[in-house]
Structures are given as C-alpha cells and as structure tokens.
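To keep things clear, I will list the structure first and then write my remarks on it.
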Amino acid sequence: MAIITGTNGNDILIGTLDIDIMDGGLGADTMYGSNGNDTYYVDNVGDIVQEFSDGALGGTADLVLASVSYSLAPGTLGNQGYGIENLLLMGSAINATGNDKNNILWGNIGNNVLNGGFGNDTLYGSAGNDTLDGGVGVDSMDGGDGNDTYYVDNVGDIVQEFYDNSLGGTADTVWASVTYSLAPGIPGNQGYGIENLFLTGSANINATGNDKNNFLLGNSGNNVLNGGLGNDTLFGGVGVDTLFGGDGNDTYYVDNVGDIVQEFSDN
1 MAIITGTNGN DILIGTLDID IMDGGLGADT MYGSNGNDTY YVDNVGDIVQ EFSDGALGGT
61 ADLVLASVSY SLAPGTLGNQ GYGIENLLLM GSAINATGND KNNILWGNIG NNVLNGGFGN
121 DTLYGSAGND TLDGGVGVDS MDGGDGNDTY YVDNVGDIVQ EFYDNSLGGT ADTVWASVTY
181 SLAPGIPGNQ GYGIENLFLT GSANINATGN DKNNFLLGNS GNNVLNGGLG NDTLFGGVGV
241 DTLFGGDGND TYYVDNVGDI VQEFSDN
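Positions 1 to 267 (this note's numbering) are the ones given, in order, by the sequence shown.
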C-alpha cells in the first residue's frame, strides 16, 4: 500500500500499481490512480480524480471521500472498466454526482442531493432531508432518516426506507415518470416505507401504494391509482382516472365526470 500526499499548491499525484491512498492537500489537485482499490481524499471542487487502469479486468472498486460537493469524472467512453465507482460525502458536503459506471453514493447528515448519472447505481442518504435521483439505469435508493424525495424513471428502480419514520413523523415522496409501485414496509410496523407517490409527465401511467397511509397523485394522463393497504388519499388529477382505495378508510378526489372510484375490499 502506498500513501501519496500533496502540498498546499495545485499538485499532480500519480498512483502505483498497488493499493493507493491519495490526498492532494489544499489546492486544486489532479490525482491519477492505477491498479488496486484506491482511495482519494477530495477537499476542493477543482480536484480531479481519474482512473486509467481497466478495473473491469481485476474487479477493483475505487472510493472518493469528499468534504465538498463533488462529481465523479466520466470513465473512458465505451469502457466500463475505467473511472471511479464510489463516492462518500464527509463533513458539510452536500451534493454527490456519479458517472457512467455503476456507482455507490453515500450522503452524510446534511440535506444531500445524490444523482447517480448513468449506470445501475445505489444511493444511500443519511440523517438529512435528501433528494435522490438514480438517473439512467436500474437504481436502488434508500434515503435514511428525514423527509426524503426520490426521482424514478425506470420501472426496475427500487426505493426503500429502512429507518423508522414513525419516531419522527417524517414523510417521503417518490416522483415517478413511469408506472410504479411502492415497496412494502416492514410487516406490522407502519414506521418503515414510503408514504407518497406522485406521477409526472403526461403519459398514461399507474401508481400503486403499499401498507402505509399513502397519498397517490396522478399526472395529466389517464391514470390508475391503487392505494393498497392503509388509509389512503387518491387524487387522479387531470385526465380520466380510475381510483381503487383497497383496504382502509380511503379518501378520493374527483375532478372529471369520467373518473371511476371503486372499492373491492370489505371494509
């Protein structure tokens, strides 16, 4: 293992063929990694971190620890082996943006904005009111504590909360541009899981709730909203919508003579 450190100036650091830990220090530094699972410390928005070894051949995974908002540099065009995979925010850093690789992004206790970019990404918020957008690809997102907001654009995206929101009265929201179903919470515990699902755009897409007390909001298309379990609130919005409340004491908002409201559960 090699530990490579810079000065207070604008340095260029070049890694070895082994596992490297690189810290450019103050200044706008450029750090080049090679083979191995390398770790980079970033404290300047002008820092540049790049990997030019083909990690796809050796299964390496590199990590940037950033104390400022940071975006991972893209890998070599058309080659998933090059570039940095993982980014963790430290201190008061707010934003983290991935690249064209399958990234893992970690937030901190602030109100983070995490954007996966291209690739099949995994995003973890923390104690703040976070905004998570996996970007292109099949992404997995967990905001942690706080009133978190998620953007979903792939039917394969997974959004889940494993923090017990019943302790703090938080409410999380998914904004979906595709047909989407909220993942169930932990059976028997209303504190876990996502509460709100809002459809965006104008496509005729659908929304399905979970076992929590959901608020489902349609878009300008013709939507089918299904509340599932819980005491749900359904509002189709513009369009001819079909609203199924499911179990529970549900509330429906109707603004079109063609809207259909139906209950198939024996309440």
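For glycine and all other residues, C-beta sits at the position ideal for the given N, C-alpha and C. Note that the structure is predicted; figures quoted are calculated from it, not measured.
Applying the criterion that 16 or more other CB atoms from any shown protein chain within 10 Å of the CB defines a buried residue, is residue i buried or exposed?
| i | result |
| --- | --- |
| Asn213 | buried |
| Asp255 | exposed |
| Gly134 | buried |
| Gly1 | The amino acid at residue 1 is misidentified as Gly; the sequence shows Met. The residue is exposed, with fewer than 16 neighbouring Cβ atoms inside 10 Å. |
| Leu13 | buried |
| Ala277 | In the structure as shown, the chain starts at 1 and stops at 267, and residue 277 therefore has no counterpart that could be examined. |
| Asn86 | buried |
| Val152 | buried |
| Val49 | buried |
| Val155 | exposed |
| Ile194 | buried |
| Gly46 | exposed |
| Thr7 | exposed |
| Gly9 | exposed |
Report, in whole angstroms, the separation of the C-beta atoms of residue i and residue j, which I expect to be a contact under 8 Å.
| i | j | result |
| --- | --- | --- |
| Gly236 | Gly218 | 4 Å |
| Asn44 | Leu17 | With 8 Å as the limit, Asn44 and Leu17 do not qualify as a contact, their Cβ atoms being about 27 Å apart. |
| Gly33 | Thr5 | Incorrect: roughly 15 Å between the Cβ atoms, too far for contact. |
| Leu65 | Tyr41 | 5 Å |
| Leu116 | Asn108 | The residue asked about is misnamed: residue 116 is Gly in this sequence, not Leu. Actually they are not in contact, since the Cβ atoms of Gly116 and Asn108 sit about 17 Å apart, beyond 8 Å. |
| Gly75 | Asp100 | 6 Å |
| Gly185 | Asp148 | The pair is not a contact, with the Cβ atoms about 14 Å apart (cut-off 8 Å). |
| Thr200 | Phe215 | 15 Å between Cβ atoms; not a contact. |
| Asp250 | Gly227 | 6 Å |
Cβ of residue i within 8 Å of Cβ of residue j?
| i | j | result |
| --- | --- | --- |
| Leu114 | Gly128 | no |
| Val119 | Asp130 | Inspection of the sequence shows that residue 119 is occupied by Gly rather than by Val. Not a contact, by the Cβ cut-off of 8 Å. |
| Leu243 | Val257 | no |
| Gly221 | Asn204 | yes |
| Leu132 | Trp106 | no |
| Asp172 | Asp157 | no |
| Asp247 | Leu225 | no |
| Gly83 | Glu51 | yes |
| Gly245 | Tyr253 | no |
| Ala207 | Asn231 | no |
| Ser67 | Met31 | no |
| Ala183 | Gln160 | yes |
| Asn111 | Ser69 | no |
| Gly143 | Tyr150 | yes |
| Ile3 | Ile21 | yes |
Any heavy atom of the ligand NAD closer than 7 Å to the Cβ of residue i?
| i | result |
| --- | --- |
| Asp211 | Here there are no bound small molecules, and the ligand NAD is not part of this structure. |
Checklist entry - Can you list the beta strand (DSSP E) stretches of 3 or more residues lying completely in the segment 12 to 75, in chain order? => result The qualifying runs are 12 to 14, 20 to 23, 30 to 33, 39 to 42, 48 to 51, 63 to 66.
Checklist entry - Which parts of the segment 203 to 258 are runs of the beta strand (DSSP E), unbroken and 3 residues or longer, counting only runs that do not cross its ends? => result Within the segment 203 to 258, the runs of beta strand (DSSP E) that reach at least 3 residues and sit entirely inside it are, in chain order, 215 to 217, 224 to 226, 233 to 235, 242 to 244, 251 to 253.
Checklist entry - Hey, which unbroken runs of the alpha helix (DSSP H) at 4 residues or more fall wholly within the segment 69 to 149? => result Correct list: empty.
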